[in-house]
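Numbering follows full-length UniProt numbering, in which position 555 of the sequence shown is assigned residue number 555; successive positions increment by one, without gaps. The structure appears below as structure tokens.
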Amino acid sequence: MAGRESAGNRIGVEIGGTFTDMVWADAEGVLHTGKTPSTPKAIHEAVLNIVDEAGIDLAGIEQVTHGSTIATNALIMRKGSATGLLTTAGFRDVVILGRADRDHDIYNMRYVHPKPPIRRGMIREVRERMGPDGSVIEALDLDQAWREVETFLRQGVDGIAISLLHAYANPAHERALAAMIRERAPRVAVFASHEVSPEFREYERSVTTVVNAFVGPAVKAYIDRLDAGLREQGYDGVLRIMQSNGGVMSAHAAGDNAVRMLLSGPAAGVRAAVWLAARNGLNDIITLDMGGTSTDVAIAPGLIASTVTELKIDGLPIRTAVIDMGTIGAGGGSIAAIDRGGFLSVGPESAGALPGPVCYGRGGERPTVTDAQVVAGLLQPDNFFGGRMALAADAAREALAGLGLAGGPEAAADSILRIVNSNMASAVRLISTSRGIDPRDFTIVAFGGGGPLHAAMVARELGIRRVLVPWSPGIASALGLLIADTMIDAAVSDLHALDEGSLDAARIEALSARAAFVAQENGLAQDTYELSVGIDMRYAGQAFELTIWTDTTALDPAALRELFEAEHRSRYGYARAALGVEVVSYRIRIIAHSGIQVETPLPSGTGKAAHPIEIAIDGRRVSGVSLTRDTLLPGQRLAGPAVLGEPTSTTFVPPGWEVECLPSGDLMMVDVE
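Next comes the structure, spelled out in structure tokens:
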């Protein structure tokens, strides 16, 4: 098969905080995995190391797809490039003042307003002014603007962000200013808001452009080093980077669009979950990705992951297409402690990879979720990480005893696990129940190192009766990179009342022409991709809008209003027929399907046979079995309680649940009570 031939020429590799994971396919399309320690001081070297350890000849590889947290880490730790911002005279403090809203933190007496990654002294004003309709109110003074740029050059900036008022309506001034800087100061990276985020709302647009300038040079330097290293080893194909929307883009676009890869790792995991669910005949899924520091959840009705047009990192609004995910500080390294009120709390502080959980024996002294898993019997010290890492159970018990809870270490472990499961269930409710979606009709797809360990317990709390544990769940993100489609999102702000011209033939033609231009910029021929159109709509007087996705068929105002009100009713529970509807923006989504067809290896039937263990759960001790996952062959079933170990994760089947190995080799846990 053609798909399988190309599959053997592709690699997916993801860099995590502790390990770098890789998935690749052989000539028959069968997947294989690799894992190596990450190299924080020279991040790209881990990719080269894992390829070398696997013995892969890069000369025969067509495509390498990569995901990394480098952009997110640079922003959170404020370790980006020296950045300056040029803005319209009189609007210097837009990114400093922000908005008055405080999200869900309205009762916090110690609330601190989000700070942009730029000091006020690095913001300069230029004389110009555009109107909201794109008319020129004051011409751009290029001479005065250049004097401000010279100030930045003396300060040693690496990047300059340009965000002029109403540039989304008419980018002429931004274009002229960017062209001047690129000609006179070619060593400085320039990022203009009409290129990064051509949407209205000056605060969000300015912050997005500043963040892109702050992390862009670092991302570009990293990508360039990785690309050069791959080519030194014989690679002559296309390097692609995972975006937050679940699709990939070419590496040459990553430096100019760094904000698009802020959540590349979690997005790749969701992409893999959709693929894995599809091959097992599932339709509606909720993903549960538990790692060492946090847990990410997402929902995909009909196997279509919900997307939003904005995410928040460290409190900063970033206007970019992203898979709609909820994140909580509940990972294996989350620290358990007694708070000031005398209550047990878990997370969001994490022990990280170093010193890590106490049971790792690397110097950790504070009890974590992983320590609770060991004490409860969910993690078997002799069958962890494929038997390559021994866990210190006695040290974990001692750490939990230090919490001073009645009932000793086992009671403490049980309480910690209940809190974590409850927090995960709450995160799932935020993306389902709070939006009018009944989660009981869905199947949880559990992955990450800890997802399969907690998924059934979380599912029971939510009333969900099925959990899919895929092949090699600890490296699902790397699998998502391998199979991901190329996906490009772009937006055009156009605020007007819903009318006959909103999505007529002329509008469709204009959007299709825009899509063709964007696709060409990204190396896609016109007949190689699919096009979807999104319309941001709201009731007149509302502050924010909903995005309605459709194909390129022209629709009249009545049809558009019907689609909008159906989504509004689904999201908020009501619609208002008497109110007018406004169109705010148009979006285009270009998708070039990878067409890759791969197979995961089936269980071999070998491994450690089942042996009896004791598990402490829900305030009681129960007898169960522990075994290696690979011993469970397709068609075989096993009643819980049971613990199934494998190199990348551990699966827990609670009492009252049953696990079956599906024909694909994936596991399906079912609540049989």
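Positions of the beta carbon are idealized from the N, C-alpha and C atoms, including for glycine. In this text, all values refer to a predicted model and were calculated from it rather than measured experimentally.
Asked	Found
Counterpart residues of Cys661 in DSSP-defined beta bridges	Leu667
N- and C-terminal bounds of the alpha helix (DSSP H) containing Arg621	No alpha helix (DSSP H) holds Arg621; the beta strand (DSSP E) holding it covers 620 to 628.
Test item: CB-CB of Ser163 and Ser135 under 8 Å	no
8 Å contact criterion, which Val211 and Ile318 should meet: CB distance rounded	6 Å
Neighbourhood of Glu5 by C-beta, 6 Å cutoff - its chain only, sequence neighbours within 5 removed	Confidence is the limiting factor: at Glu5 the pLDDT is only 37, short of 50, which leaves the residue's position unreliable and the question unanswerable from this model.
8 Å Cβ shell around Tyr574 - same chain, five flanking residues per side excluded	His568
Bridge partners - Tyr539, DSSP secondary structure assignment	Val581
DSSP beta-bridge partners of Leu546	Met537
Buried versus exposed, by CB contacts within 10 Å (16 or more), Lys41	exposed
Span separating the alpha-carbon of Leu282 from that of Arg271	14 Å
Stretch pair the stretch 502 to 515 + the stretch 530 to 546: three plus CB contacts closer than 8 Å	yes
Contact check, Ile299 vs Val346, beta carbons under 8 Å	no
Rounded C-alpha distance that separates Glu521 from Val653	49 Å
Residue burial classification, Arg147 (beta-carbon count within 10 angstroms, cutoff 16)	exposed
Three-state class that DSSP yields for Thr72 in the structure shown	helix
Segment contact, 8 Å Cβ cut-off, at least three pairs: the stretch 327 to 343 with the stretch 289 to 298	yes
When Val259, Pro612, Val598, Asp21 are compared against Ser623, the one with the closest alpha-carbon	Pro612
Validate contact between the stretch 354 to 368 and the stretch 234 to 247 using beta carbons, cut 8 Å, 3 pairs	no
Spatially closest choice to Ala396 from Leu405, Ser422, Gly361, by CA coordinates	Gly361
CB contact flag (Tyr539, Leu579, <8 Å)	yes
Those runs of the alpha helix (DSSP H) which lie wholly inside the stretch 405 to 467 and span at least 4 residues	408 to 431, 451 to 462
Where Val64 falls, given that 16 or more other Cβ within 10 Å makes a residue buried	buried
beta-carbon Arg154 near the ligand FAD non-hydrogen atom, thresh 7 Å	Annotation note on the ligand FAD: not contained in the displayed structure, which lists no ligands.
Between the CA atoms of Thr83 and Gly436 - distance to the nearest angstrom	43 Å
Proximity of residue 687 and Leu86 at Cβ, strictly below 8 Å	Because residue 687 is not part of the residues shown, which for the chain are 1 to 673, the question remains open.
Own chain partners of Ala178 with C-beta closer than 7 Å, once the 5 adjacent residues on each side are dropped	Ile162, Val190, Ala192
Buried versus exposed, by CB contacts within 10 Å (16 or more), Tyr222	buried
Exposure of Met389, with buried meaning 16 or more beta-carbon neighbours within 10 Å	exposed
Counted within 10 angstroms of its Cβ, other Cβ atoms place Glu183 as buried (16 or more) or exposed	exposed
Counterpart residues of Glu14 in DSSP-defined beta bridges	Asp21, Gly67
Range of the contiguous alpha helix (DSSP H) that encloses Ala268	264 to 279
Pick from Leu667, Arg187, Glu673 that is closest to Trp657, judged by C-alpha positions	Glu673
Spatially closest choice to Glu125 from Pro132, Ala519, Glu150, by CA coordinates	Glu150
Cut-off 6 Å between Cβ atoms - residues of its own chain near Ile419, not counting five sequence neighbours on either side	Val346
For Arg205, the nearest candidate out of Ile137, Leu288, Gly246, Arg99 (CA to CA)	Arg99
Sheet register partners of Asp339 (DSSP bridge)	Per DSSP, none; premise fails for Asp339.
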